[in-house]
Amino acid sequence: MITSYANYEWFLKEDLSKYAGKWLAIIDKKIIASSDTAEKAILEAKTKFPNKRPFITKVRDKLSIL
């Protein structure tokens with residue numbers, strides 16, 4: 012089983028520019044859902060993998076300010 016921290020580390024290293032502005036659900040270092048809202052990404056993830064807990068995050072777009 013891959014931990015949420017491992018999924019987070021994977022997320023930081025990957026080029027996810029094609030998902031800019033989207034919410035992602037990640038399980039076992041794989042993107043299993045992407046959506047414009049966190050709620051939709053979570054719902055899709057829970058539908059596909061009801062017994063797993065996804066790592067949910069938003070991919071920043073180039074206009075985001077840190």
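Going by the working numbering, the sequence shown runs without a break in its numbering and finishes at 77.
Note that beta-carbon positions come from the ideal geometry of N, C-alpha and C, so glycine has one too.
None of the values given here were measured: they were computed from a predicted structure.
Alpha helix (DSSP H) segment containing Ala17, residue limits = 15–24
Helix, strand or coil at Thr48 according to DSSP, with G and I counted as helix = coil
Apart from the five residues just before and just after Tyr30, which ones in its own chain have a Cβ nearer than 7 Å to its Cβ?
-> Ser45, Val70
Measure the beta-carbon distance from Ile67 to Lys40 and round it to whole angstroms, keeping in mind my assumption that it falls under 8 Å.
-> So it is not a contact: roughly 14 Å between Cβ atoms.
Do Leu35 and Ala17 have their C-beta atoms within less than 8 Å of each other?
-> no
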